[in-house]
Amino acid sequence: MTTLKITIADIGADGWYNGPVDLANFDGNIEIDAGEGWCKFKSSLKAVGYIKSVGSVYAAGDIKSGGFINSGGDINSRGYINAGGNIHSGGYIKSGGYVYSGGYIKSGGYVYSGGDIASGDYIVSGGNINSGGHIYSDGHIYSDGNILSGGYIKSGGYVYSGGNIASGDYIFSVGYIESGGPIFSGGNINSGGHIYSDGNILSDGYIDSAGDINSVGLVTCKKLTSGEVASGELVETGAGQTK
Numbered sequence: 126m127t128t129l130k131i132t133i134a135d136i137g138a139d140g141w142y143n144g145p146v147d148l149a150n151f152d153g154n155i156e157i158d159a160g161e162g163w164c165k166f167k168s169s170l171k172a173v174g175y176i177k178s179v180g181s182v183y184a185a186g187d188i189k190s191g192g193f194i195n196s197g198g199d200i201n202s203r204g205y206i207n208a209g210g211n212i213h214s215g216g217y218i219k220s221g222g223y224v225y226s227g228g229y230i231k232s233g234g235y236v237y238s239g240g241d242i243a244s245g246d247y248i249v250s251g252g253n254i255n256s257g258g259h260i261y262s263d264g265h266i267y268s269d270g271n272i273l274s275g276g277y278i279k280s281g282g283y284v285y286s287g288g289n290i291a292s293g294d295y296i297f298s299v300g301y302i303e304s305g306g307p308i309f310s311g312g313n314i315n316s317g318g319h320i321y322s323d324g325n326i327l328s329d330g331y332i333d334s335a336g337d338i339n340s341v342g343l344v345t346c347k348k349l350t351s352g353e354v355a356s357g358e359l360v361e362t363g364a365g366q367t368k
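Okay, so the sequence shown: first residue is 126 according to our numbering, each after it adds one.
Shown next, in the form of structure tokens:
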């Protein structure tokens with residue numbers, strides 16, 4: 126497979142790519158070594174193979190790779206970000222659309238998406254994870270900041286947040302759920318392990334936990350269907366939903 130190497134000679138003084146090759150649908154790999162600053166593209170950046178950059182990458186369109194996407198800096202797209210393999214950023218990841226990865230998603234900063242965030246492996250963020258849609262991972266979800274979802278949060282492993290966890294729909298985790306702040310769910314909360322919160326736990330549906338539930342405040346739900354509140358005050362507001 127052909128590998129196109131982009132250097133500083135292909136970048137204008139304003140940081141925009143001005144090379145001779147159209148990269149809106151490149152049949153090969155793309156390697157960008159133009160320093161640690163920004164390399165910006167006026168349309169989409171798409172490769173049949175992988176995309177690798179020493180510095181930060183910005184596209185006014187989509188960023189899509191049939192393989193991995195790896196950046197030593199930030200990854201910023203006004204459209205979607207889609208990789209057949211891993212997405213790895215030394216800085217933040219920001220997308221105006223969805224973020225899809227066939228492998229893991231790992232960011233040294235925050236992960237922000239105007240749409241869904243979906244990973245075929247784990248999701249790890251050094252900052253917040255914020256999605257305008259759902260957050261889905263085949264592995265664990267880990268954030269040093271908040272985890273905020275406009276839709277559901279679903280994890281094939283554990284869910285850990287150094288801040289708050291808030292979901293517009295249900296929260297489902299094969300493993301435990303831990304938060305450095307409150308946990309809020311617009312639907313049910315289902316945990317294959319324990320649930321721990323340094324704030325209140327609030328569910329608009331039922332709470333189903335395979336382990337103990339620990340909160341420094343209230344544990345509020347329509348019904349606690351399994352698990353035991355080891356710390357905090359249980360408040361059941363109604364009959365709840367059935368499994």
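Glycine included, every Cβ here is placed at the ideal spot set by N, Cα and C. Computed from a prediction, not measured in an experiment: that's the story for all the values here.
{"Item": "Using the Cβ count rule (16 or more neighbours within 10 Å means buried), how would you classify VAL179?", "Value": "buried"}
{"Item": "For ASP158, which residues does DSSP report across the bridge?", "Value": "THR132"}
{"Item": "With which residues is ASP337 paired in a DSSP beta bridge?", "Value": "GLU353"}
{"Item": "Which residues does DSSP list as the beta-bridge partners of SER169?", "Value": "Bridge partners of SER169: none, in fact."}
{"Item": "Take the Cβ of SER356 as the centre, count every other Cβ of all protein chains shown within 10 Å, and call the residue buried at 16 or more, exposed below.", "Value": "exposed"}
{"Item": "Excluding the 5 residues preceding and the 5 following PRO145 in the sequence, name in chain order all residues of the same chain whose CB lies nearer than 6 Å to its CB.", "Value": "none"}
{"Item": "Looking at the unbroken beta strand (DSSP E) that takes in PHE309, where does it start and where does it end?", "Value": "308-310"}
{"Item": "For GLY227, which option in GLY257, TYR217, SER190, ASP323 has the closest C-alpha, if you only look at C-alpha atoms?", "Value": "SER190"}
{"Item": "Express the C-alpha separation of GLY275 and LYS347 in angstroms, rounding to a whole number.", "Value": "21 Å"}
{"Item": "Can you name the start and end residues of the beta strand (DSSP E) that TYR285 belongs to?", "Value": "284-286"}
{"Item": "Cutting at 6 Å between CB atoms, please list the residues of its own chain near TYR267, excluding the five before and the five after it.", "Value": "VAL249, TYR285"}
{"Item": "For PHE309 versus ALA291, is the C-beta spacing smaller than 8 Å?", "Value": "yes"}
{"Item": "For LYS347, does the three-state DSSP call read helix, strand or coil?", "Value": "coil"}
{"Item": "Rounded to the nearest angstrom, what separates GLY192 and TYR301 at their Cα positions?", "Value": "31 Å"}
{"Item": "With DSSP as the reference, identify every bridge partner of ALA184, one or two as the case may be.", "Value": "PHE166, SER202"}
{"Item": "Quick check on GLN366: does DSSP put it in helix, strand or coil?", "Value": "Note that GLN366 has pLDDT 45, beneath the 50 cutoff, so the model's placement of it is unreliable and no number is given."}
{"Item": "Would SER244 and ASP263 be called neighbours here (beta carbons separated by less than 8 Å)?", "Value": "yes"}
{"Item": "Which one of ILE176, ALA138, GLY162, CYS164 has the shortest CA to CA distance from ASN154?", "Value": "ILE176"}
{"Item": "Please classify ALA139 as buried or exposed, where buried requires at least 16 neighbouring CB atoms within 10 angstroms.", "Value": "Residue 139 is actually Asp in this sequence, not Ala. Flag for ASP139 reads exposed."}
{"Item": "Which residues in the same chain as GLU358 place their Cβ atom closer than 6 Å to its Cβ, once the five residues preceding and following it in sequence are excluded?", "Value": "LEU343"}
{"Item": "Taking the beta strand (DSSP E) that PHE297 belongs to, which residues open and close that run?", "Value": "296-298"}
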